[in-house]
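Beneath this line is the structure, given in structure tokens, with notes to follow.
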């Protein structure tokens, strides 16, 4: 079975500082990994994905994530946080050999960027 | 272009009633998914359609839940004899490809917030 852990319920960072939102996963075989962001009363918005290739993937709004196979992690990062980045962030994993194609999500991490 | 549309955005019902939640996927997307998001939690998979057929319904919690996609586009999630524990946000997503190694992105709608009183 596949699973995702986001160990931090909330991350606080000052505007302009770098941010990291942590994610670890468990899946048999090579995973497909995703980050989504959710603003209040909005659906999940895709940020970036890792399928294969370069371990550092770049996505929307200046976000990036680093795939680390040995640590089974896929942490989300941004060099300089903006107040508008404040939202709920979800990491998700998919087993590419699972015909169900479902995403398994972590519990989410609330990012608070203070001016 | 238009994204995934879900209606209604909010639904309040009484315990024991029947409800239908509708999802209009992105035009041309063959895959459609339903997830349920309870307060303070991540979305949980319910069911996946490829075209008109339910390819995986392993996430449906019990037989009170049912979903259809008769023409391979719009889908309806149906909940019979609703219970207070069914209260959650029901999210629909669509993607352009089939299952497998394509890594297709799932695009989500804004969800339907169901409240069972």
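Residue numbers (our numbering), protein chains in the order written: chain A, 1 to 115; chain B, 1 to 117. Quick reminder that beta carbons are idealized off the backbone N, C-alpha and C, glycines included.
For the pair residue 58 (chain A) and residue 21 (chain A), the Cα-to-Cα distance works out to about 15 Å.
Contact between residue 37 (chain A) and residue 81 (chain A) is ruled out by a C-beta separation of about 13 Å, above the 8 Å threshold.
By the Cβ test, the stretch 64-77 of chain A is in contact with the stretch 34-50 of chain A, since at least three Cβ pairs between them sit closer than 8 Å. Between the stretch 1-12 of chain B and the stretch 110-117 of chain B there are three or more inter-stretch CB-CB distances shorter than 8 Å, so the stretches are counted as touching. Scanning its chain for C-beta atoms nearer than 6 Å, with the 5 sequence neighbours on each side dropped, one finds around residue 76 (chain B) the residues 20, 22 and 68, in chain order. Residues of the stretch 41-60 of chain A with a C-beta less than 8 Å from any C-beta of chain B: 41, 42, 43, 44, 45, 46, 49 and 51, listed in chain order. Note that the C-beta distance between residue 90 (chain B) and residue 36 (chain B) is below 8 Å.
With respect to the 8 Å criterion, residue 33 (chain A) and residue 67 (chain A) are classified as neighbours on the basis of their beta carbons. Taking the C-beta atoms as reference points, residue 96 (chain A) is found no nearer than 8 Å to residue 55 (chain A). When Cβ pairs closer than 8 Å are counted between the two stretches, the stretch 79-94 of chain A is seen to touch the stretch 105-112 of chain A, the count reaching three or more. Straight across, the Cα-Cα distance linking residue 58 (chain B) with residue 40 (chain A) is about 29 Å. In the three-state scheme derived from DSSP, where H, G and I count as helix and E and B as strand, residue 53 (chain B) is classed as strand. The residue among B:16, B:33, B:82 and B:5 with its C-alpha nearest the C-alpha of residue 54 (chain B) is B:33.
Comparing alpha carbon positions, the residue from B:63, B:56, B:39 and B:26 closest to residue 45 (chain B) is B:56.
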